[in-house]
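Those letters in the sequence shown? Residues -27 to -1, 1 to 244, by mature numbering (1 follows the signal peptide of the UniProt record, and there is no 0). Every residue gets a Cβ at the ideal spot worked out from N, C-alpha and C, and that includes glycine. This structure is a prediction, so every number in the text was calculated from the model and none was measured.
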Amino acid sequence: MRSWWRLAVLACLALSAACGGPGEAVARMVTRPVSWSQDGVRFDSVLVYDDAVSGRRPGLVMVPNWHGVNAIAIDKARMIAGHEYVILLTDLYGASVRPADDAQAKAAVQPLMADRALLRRRMVRALAELRAQAASAPIDLSRLAAIGFCFGGTAVLDLARSGADLRAAISFHGGLATDDPALARKIRAPLLVMNGADDQWTMPDLPAFLREMSQVPTAWQFVTIGHAVHCFTETEATGATGMCRYNEDATRQSYALMRGWLATQFAKAAP
């Protein structure tokens, strides 16, 4: 399974040069493996940024949906990073776990959902690894944030609940439930949480989530996106029916909200 992952990264590297016209800068998207070990488990993540842009820029921990780090997630990280961010696309399962379908993804995610303290520890380590990358990548350590999708949104909210020093934390159609509502008092990162109005998997937990958020000492915002169900940013769910379905309008809206939230919070961090 690990060899498949490395082939995916190499494929992204091969496609990373975008040619400009005469006299234009040539964008070169770096897609670099980043690995670490924690509790005897090796994790293979990917650092993504445009190396043709000068100057340091915000760093984002990005957690993909429950299928984890794969070619689709790398492509999504490249699109979001553009010339604005350095992204650490984060492996939370371990290098030997690369789900090939929903059944395998469900099996991979269950241990972390059953042990939220473990999930928080892995997220805290991922943030530390993003910080460490500033030695070799153009990351502005005064502007760090986290974003996540579906299961990744749950993970990002748990990172915020750990009290992590972040300028922002953003969840797209993530799970809202927690094992310990009192952790909300530790949240330091301004939160932007976006879920579809018709998401039958996450919205039943909204009343409890809003009660939890009443304890948060920093800024937070919950956005309900109309006519959207679960997975609304996941292009692999294009044309799907049921409760996991891509929605282009909701994706465009939520990405605009994300960029606005990040710009606002990072501006507050400026000297």
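Straight-line Cα distance separating Gly199 from Gln226: Within the model, the alpha-carbon separation for Gln226 versus Gly199 is close to 11 Å.
Quick check on the burial criterion: 16 or more other C-beta atoms within 10 angstroms. Buried or exposed for Trp234? With 16 or more other CB atoms across the displayed protein chains lying within 10 angstroms of its CB, Trp234 is buried.
Among Trp193, Ile160 and Gln188, nearest to Met167 - alpha-carbon criterion: If we check each option's Cα against that of Met167, Trp193 comes out closest.
Whole alpha helix (DSSP H) runs in the region 63 to 141 with 4 or more residues, listed along the chain? Taken in chain order, the unbroken stretches of alpha helix (DSSP H) that lie wholly in the region 63 to 141 and span 4 residues or more are 75 to 87, 89 to 105 and 124 to 134.
With a threshold of 16 other CB atoms inside 10 Å of the CB of Val2, please say whether the residue is buried or exposed. Reading the sequence as shown, one finds Met at residue 2 and not Val. Buried: at least 16 other Cβ atoms inside 10 Å.
For Arg184 versus Cys204, is the C-beta spacing smaller than 8 Å? By the CB criterion at 8 Å, Arg184 and Cys204 fall outside the cutoff.
Cβ neighbour criterion (16 or more within 10 Å) applied to Cys(-9): Caution applies to Cys(-9), whose pLDDT of 35 falls short of 50 and renders its modelled position unreliable; the value that the coordinates give is listed next. Result: exposed.
Whole angstroms are fine: how far does the CA of Val82 sit from the CA of residue 245? In the structure as shown, the chain begins at -27 and stops at 244. Residue 245 is therefore absent and cannot be evaluated.
Within the chosen definition, does the region 14 to 33 reach the region 60 to 78 through at least 3 CB pairs nearer than 8 Å? The region 14 to 33 and the region 60 to 78 touch, with no fewer than 3 CB-CB distances between them shorter than 8 Å.
First and last residue of the uninterrupted alpha helix (DSSP H) at Ile160: From DSSP, Ile160 is part of no alpha helix (DSSP H); its letter is neither H nor E.
What does the alpha-carbon distance come out to for the pair Tyr58 and Gln77? For Tyr58 and Gln77, the distance between alpha carbons rounds to 31 Å.
Environment of Ala(-3) [buried if 16+ CB atoms lie within 10 Å]: The pLDDT assigned to Ala(-3) is 44, lower than 50, so where the model puts this residue is not dependable; a value taken from the coordinates is nonetheless given after this. Flag for Ala(-3) reads exposed.
Assigned exposure category for Gly147 - 16 Cβ within 10 Å defines buried: So Gly147 ends up on the buried side.
Reduced DSSP category for Thr4 - H, G, I as helix; E, B as strand; rest coil: In the three-state reduction of the DSSP assignment, Thr4 falls in the strand class.
In this structure, does DSSP put Tyr219 in helix, strand or coil? It is coil, neither helix nor strand.
For Asp131, which residues in the same chain have their Cβ closer than 7 Å to its Cβ, ignoring the five residues on either side in sequence? Residues Arg89, Leu92, Arg93 and Met96 of the same chain have their beta carbon placed closer than 7 Å to that of Asp131, with the five preceding and five following residues left out of the count.
For the alpha helix (DSSP H) that Met52 lies in, which residues bound it at each end? Segment Ala44 to Ala54, the alpha helix (DSSP H) holding Met52.
With a 10 Å radius around its C-beta and 16 neighbouring C-beta atoms as the bar for buried, classify Ser115 as buried or exposed. By the neighbour-count definition (other C-beta atoms within 10 Å, threshold 16), Ser115 is an exposed residue.
Taking the Cβ atom as the reference point for each residue, do Pro72 and His40 lie within a distance shorter than 8 Å? Taking 8 Å as the Cβ cut-off, Pro72 and His40 qualify as a contacting pair.
Quick check on this structure: which residue in Ala107, Arg29, Ile47 and Ala229 has the alpha carbon closest to the alpha carbon of Ile143? Minimum Cα distance to Ile143 is reached at Ala229.
Can you look up Gly233 in the DSSP assignment and give me helix, strand or coil? Gly233 falls in the helix class under three-state DSSP.
Starting from Arg29, trace the beta strand (DSSP E) in both directions and tell me its first and last residue. Element bounds for Arg29: n/a, residue is neither H nor E.
Looking at the secondary structure, which residues open and close the beta strand (DSSP E) in which Leu20 lies? Going by DSSP, Leu20 is part of the beta strand (DSSP E) stretching over Val14 to Asp23.
For Leu61, which of helix, strand or coil comes out of DSSP? Leu61 carries a strand assignment under DSSP once its states are collapsed to helix, strand and coil.
Would you tell me roughly how many angstroms separate the C-alpha atoms of Val14 and Ser8, rounded to the nearest one? Rounded to the nearest angstrom, the two C-alpha atoms are 10 Å apart.
Return helix, strand or coil for Phe205, following the three-state DSSP convention. In the structure shown, Phe205 sits in coil (DSSP, three-state: anything other than H, G, I, E or B).
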